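Asker: So the protein sequences, as listed, match chains A and B.
To convert, take the position in the first sequence, counting from 1, and add 226; that gives this note's numbering.
To convert, take the position in the second sequence, counting from 1, and add 226; that gives this note's numbering.
By construction, the Cβ of each residue, glycine as well, lies at the ideal position given by its N, Cα and C atoms.
These numbers were taken from a predicted model, which means no experiment stands behind them.
Can you keep this structure in mind? I'll have questions shortly.
2 protein chains.
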Amino acid sequence: MISVALMGHGVVGSGVAEILTTHKQKLFSSIGEEIYLKHILDLREFPESPLADRFTKDFEDIASDREVRVVIETMGGVNPAYEFTKRCLAEGKSVVTSNKELVARHGAELLQLAKDNNANYLFEASVGGGIPILRPINQCLVANMVDEIAGILNGTTNFILTKMINENMPFDEALKLAQDLGYAERNPEADVEGHDACRKICILASLAYGKHIYPDNVHTEGITKIALEDVEYAASWGGVVKLIGKCKLLESGLMDIVVAPMFVPCTSQLANINDVFNGIMVRGDCTGDVVFYGKGAGKLPTASAVVADVVDCCKHLKARKRLFWVDTKGEDCIADYKESLTKIYLRCISQDADAAYNKAQDVFGGITRLTRADADASEFAFVTENEMPYGDILKAQAELESAGIKVASAIRIGNL
Amino acid sequence: MISVALMGHGVVGSGVAEILTTHKQKLFSSIGEEIYLKHILDLREFPESPLADRFTKDFEDIASDREVRVVIETMGGVNPAYEFTKRCLAEGKSVVTSNKELVARHGAELLQLAKDNNANYLFEASVGGGIPILRPINQCLVANMVDEIAGILNGTTNFILTKMINENMPFDEALKLAQDLGYAERNPEADVEGHDACRKICILASLAYGKHIYPDNVHTEGITKIALEDVEYAASWGGVVKLIGKCKLLESGLMDIVVAPMFVPCTSQLANINDVFNGIMVRGDCTGDVVFYGKGAGKLPTASAVVADVVDCCKHLKARKRLFWVDTKGEDCIADYKESLTKIYLRCISQDADAAYNKAQDVFGGITRLTRADADASEFAFVTENEMPYGDILKAQAELESAGIKVASAIRIGNL
Chain A
227 MISVALMGHG VVGSGVAEIL TTHKQKLFSS IGEEIYLKHI LDLREFPESP
277 LADRFTKDFE DIASDREVRV VIETMGGVNP AYEFTKRCLA EGKSVVTSNK
327 ELVARHGAEL LQLAKDNNAN YLFEASVGGG IPILRPINQC LVANMVDEIA
377 GILNGTTNFI LTKMINENMP FDEALKLAQD LGYAERNPEA DVEGHDACRK
427 ICILASLAYG KHIYPDNVHT EGITKIALED VEYAASWGGV VKLIGKCKLL
477 ESGLMDIVVA PMFVPCTSQL ANINDVFNGI MVRGDCTGDV VFYGKGAGKL
527 PTASAVVADV VDCCKHLKAR KRLFWVDTKG EDCIADYKES LTKIYLRCIS
577 QDADAAYNKA QDVFGGITRL TRADADASEF AFVTENEMPY GDILKAQAEL
627 ESAGIKVASA IRIGNL
Chain B
227 MISVALMGHG VVGSGVAEIL TTHKQKLFSS IGEEIYLKHI LDLREFPESP
277 LADRFTKDFE DIASDREVRV VIETMGGVNP AYEFTKRCLA EGKSVVTSNK
327 ELVARHGAEL LQLAKDNNAN YLFEASVGGG IPILRPINQC LVANMVDEIA
377 GILNGTTNFI LTKMINENMP FDEALKLAQD LGYAERNPEA DVEGHDACRK
427 ICILASLAYG KHIYPDNVHT EGITKIALED VEYAASWGGV VKLIGKCKLL
477 ESGLMDIVVA PMFVPCTSQL ANINDVFNGI MVRGDCTGDV VFYGKGAGKL
527 PTASAVVADV VDCCKHLKAR KRLFWVDTKG EDCIADYKES LTKIYLRCIS
577 QDADAAYNKA QDVFGGITRL TRADADASEF AFVTENEMPY GDILKAQAEL
627 ESAGIKVASA IRIGNL
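Shown next as structure tokens:
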């Protein structure tokens, strides 16, 4: 029997407790021992829970219990999860978490602490919810150099964009629907501004390339400026607008990493990932493109990924998993986003659209005009034919603006 | 340094040798030790190989070398791979393979032998080529009961069907193209009759449910009877024809397992998997649908999956991976395919199509008529509205035939 403890009995945490109970037999046959959920830390009372006798409000009950070998942290947020995790690892306990914010912010330090104490720190559930992704990258694709990772990493924004694409629903209305359905928070900033997707691509990049990538250093754009006009132009181009988190190792050794809405061609596997689903493409030098698809959030999907990590810890009580990356502190490993090469889509407004289109042609070189039904005569849109550094695109946009041409929208073309 | 040996220097085997050389540093940092490819068994000569000095024609050089801890079997076919694998496992060496035929036929016995000798027998590459699938099912989804697995498991037939769907190319022509491109063998039976897909769904089912499923016991239909007319009707229904391998655990504890072409709705993730790509959907009780997509065959994708297993063996030289299923011998764990519930598509020919359609309505109950452009007046097609046991469908078809209505095609509707 292996004793474990749970910190945080919220949505995911209560799912973990549920799975440990309902799937007891399956877990036993995988580990060869029973998992015993000895303590549950939460400041709230759960008198109706069948596990009511396990609840505590005192972290010390877990930290100082030497029988507890694995601690599950599903509290979310950085504090006090960070301090609690450090203490547990220092005590030689393995820690499993779904806390993407904590991993993205302090992952390297916590992995080092785990290593120093011969324990494991695992966080499969922090990216892609129930989708297996970190373990496949770390184990199954170990014989590959990962050339690129690109994914739809946030279900809330994907739900909103799907409504905009399939039902012609404006952004504000789609956001309100997402809030009404419980997919989006009342303060939706972390989702719609791309911060949640950013944390996840940082974790994926850190794992794939072995160096901690800090979210604050990653250029991040959300979807709040996407209009239905852009969705229509994307369709006429042959694709859809998706919020993509993307990282690519450059020949310089620096990482090209960005979170931004992108035009994704319909032929891409990522174009067909709709609603709250997530999809992650990993481009390996041997495998080519591999794509993982599933529910990126939700109580039981996320909890099942947490429990899979618990099982792994239970099987490796005396051994360490080689899941590791080093700290970087500085930004040196990330390339300036203005040097990132991309094609771009622009939607512009000008009193003399034809003259303005000619001006755009002069400024950008080869461009292809897009059309949509019912466009105002003052509107025109195009995609560039060649990749340019993003900084040059910004300069070209400024040139259009100074010529009296309004740039209403600029969206990267994803090479996916 | 860990010594390994390779048996079979064909397409996949030479890929393994290549990856062990080109990815030496990455593998070292994952294992913490170097992998040394000490012997390569092949009856042919490879004087130009940089590893020419490692080749041998004598299996004993590997079997009796106590330094060799892991043996890679990429010979294919049952003999002599079966005898060689048994001997290696009996010597306490772990064995890694891409040989789906051997695993599907003798997996349970070889897993037991591995267990008895405290060794590992791993075969990630046997299903889905470079796509991580067995390890995710076994590890990442360990906290799920797997309700169902369904996949496009054979790239050759998927290439042929894609050509039929997207380019209106008849089956024979698409097959010839696949042969010219090297995707199909000169004798394409194993692919087009569904045997290859059958071996793979058997391996997936065995792993997910813990009991060996023998390919000979699985009802298997190929794609040779699919006509362009069927592809058109599938489109008018809102989907595509795909060769699907599918297994589902019934409440009785028996397994509903089949390989057959199916109508797949465009909304399914499996509908968008084209060309030689594979896609596998795993329906877990906690995760919901998870889909894995990538190259199901090819030298480096398959070899990279083999090498990932080698790495796993090297990390677990003294420990056993809990990858296991028991032998069943009999058929008792598989439900009679005639009891399998499904909706069906039928394309029929009759001099009086309208009367015949009314007859079909009598025989099948609720049906929905499909249309296509340029259909002959004698042709009609429909899908049933309710699921029926497959045996009842066969009886209903016989009733149509005995009323002078020719059933030109019958394809299951996939609930995917």
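1. Do you know whose CA, among B/K521, B/E374, B/T300 and B/R313, lies nearest B/G471's CA?
2. Going along chain B, which residues have a C-beta under 7 Å from A/A400?
3. Specify, as a first and last residue, the run of the alpha helix (DSSP H) that A/R280 falls within.
4. Looking at B/I266 and B/A645, is the spacing between their C-beta atoms short of 8 Å?
5. Take B/R270 as the anchor and find which of B/S566, B/E350, B/M301 and B/N641 has the nearest alpha-carbon.
6. Give me the Cβ distance between B/F489 and B/G505, rounded to the nearest whole Å; I'm assuming they're in contact under 8 Å.
7. How do the stretch 375-391 of chain B and the stretch 416-433 of chain B stand: do at least 3 beta-carbon pairs fall below 8 Å, yes or no?
8. Straight-line CA distance for B/G258 to A/N584?
9. Which term fits A/P362, buried or exposed, when burial requires 16 or more other beta carbons within 10 angstroms of its beta carbon?
10. Check whether the Cβ atoms of A/T196 and A/G333 lie closer than 8 Å to each other.
11. Would you kindly report the start and end of the unbroken beta strand (DSSP E) that includes A/Y571?
12. Buried or exposed: A/F254, going by 16 or more other Cβ atoms within 10 Å of its Cβ?
13. Would the beta-carbon of B/A581 fall within 8 Å of that of B/D482?
14. Rounded to whole angstroms, what's the CA-CA distance from B/L496 to B/Q251? Just pull it up for me.
15. DSSP three-state label for B/K474, please.
16. Mind checking which residues open and close the alpha helix (DSSP H) that includes B/S604?
17. Is the distance from the Cβ of A/I619 to the Cβ of A/V609 below 8 Å?
18. Rounded to a whole number of angstroms, what is the C-alpha to C-alpha distance between B/N498 and A/A579?
19. What residues in the stretch 511-522 of chain B bring their beta carbon closer than 7 Å to a beta carbon of chain A?
20. From A/R280 to A/K264, what does the alpha carbon distance come to, in whole angstroms?
21. Under 9 Å Cβ-Cβ, which residues of chain B neighbour A/I218?
22. Are A/A231 and A/V297 touching if we call contact CB-CB under 8 Å?
23. So, does the CB of B/A434 fall closer than 8 Å to a CB anywhere in chain D?
24. Relative to the alpha-carbon of A/S240, which residue among A/S256, A/Y262, A/D268 and A/M227 has its alpha-carbon at the smallest distance?
25. Starting from the Cα of B/K544, find the closest Cα among B/K341, B/V372, B/D287 and B/F550 and give me that residue.
26. Mind pulling the beta strand (DSSP E) runs of 3 or more residues that sit fully within the stretch 499-582 of chain B?
27. Could you pull out every unbroken alpha helix (DSSP H) segment of at least 4 residues lying fully inside the stretch 432-500 of chain B, listed in chain order?
28. Is the Cβ of A/D373 closer than 8 Å to any Cβ of chain B?
29. Rounded C-beta distance between A/A534 and A/E350? I'm assuming under 8 Å.
30. B/L246 and B/C539: beta carbons closer than 8 Å?
31. Find the nearest neighbour of A/A523 within the set A/A486, A/I575, A/K389 and A/G354, judged by alpha-carbon distance.
32. Closer than 8 Å is the cut-off here; do at least three beta carbon pairs connect the stretch 456-476 of chain A with the stretch 589-605 of chain A?
33. Give the C-beta separation of B/V486 and B/E447 to the nearest angstrom, bearing in mind that I take them to be a contact with Cβ-Cβ under 8 Å.
34. Rounding to the nearest angstrom, what Cα-Cα distance links B/S320 and B/T248 in this structure?
35. For B/Y409, which of helix, strand or coil comes out of DSSP?
36. Checking contacts by CB at 8 Å: is A/D342 closer than that to chain B?
Answerer: With the structure as the only source:
1. B/E374
2. Ordered by position in chain B, no residue passes the 7 Å Cβ test against A/A400, which lies about 19 Å from the chain.
3. Careful: A/R280 lies outside any alpha helix (DSSP H) and carries neither H nor E.
4. Nothing about residue 645 of chain B can be reported from this structure: the residues present for chain B run from 227 to 642 only.
5. B/M301
6. Their Cβ separation, rounded to whole angstroms, is 16 Å, which puts B/F489 and B/G505 out of contact at 8 Å.
7. yes
8. 60 Å
9. buried
10. Nothing can be reported for residue 196 of chain A: it is not among the residues displayed for chain A, which extend from 227 to 642.
11. L567 to I575
12. exposed
13. no
14. 36 Å
15. strand
16. Where B/S604 is concerned, there is no enclosing alpha helix (DSSP H), given that its DSSP letter is neither H nor E.
17. no
18. 38 Å
19. C512, T513, G514, D515, V516, V517, F518, Y519, G520 and K521
20. 6 Å
21. Nothing in the structure corresponds to residue 218 of chain A, since chain A is present only between 227 and 642.
22. yes
23. Within the model displayed, chain D is absent; protein chains A and B are what it includes.
24. A/D268
25. B/K341
26. 503-510, 514-521 and 567-575
27. 454-463
28. no
29. 6 Å
30. no
31. A/G354
32. yes
33. Rather than Val, the amino acid found at residue 486 of chain B in this sequence is Ala. Sure, about 4 Å apart at Cβ, within 8 Å.
34. 23 Å
35. coil
36. no
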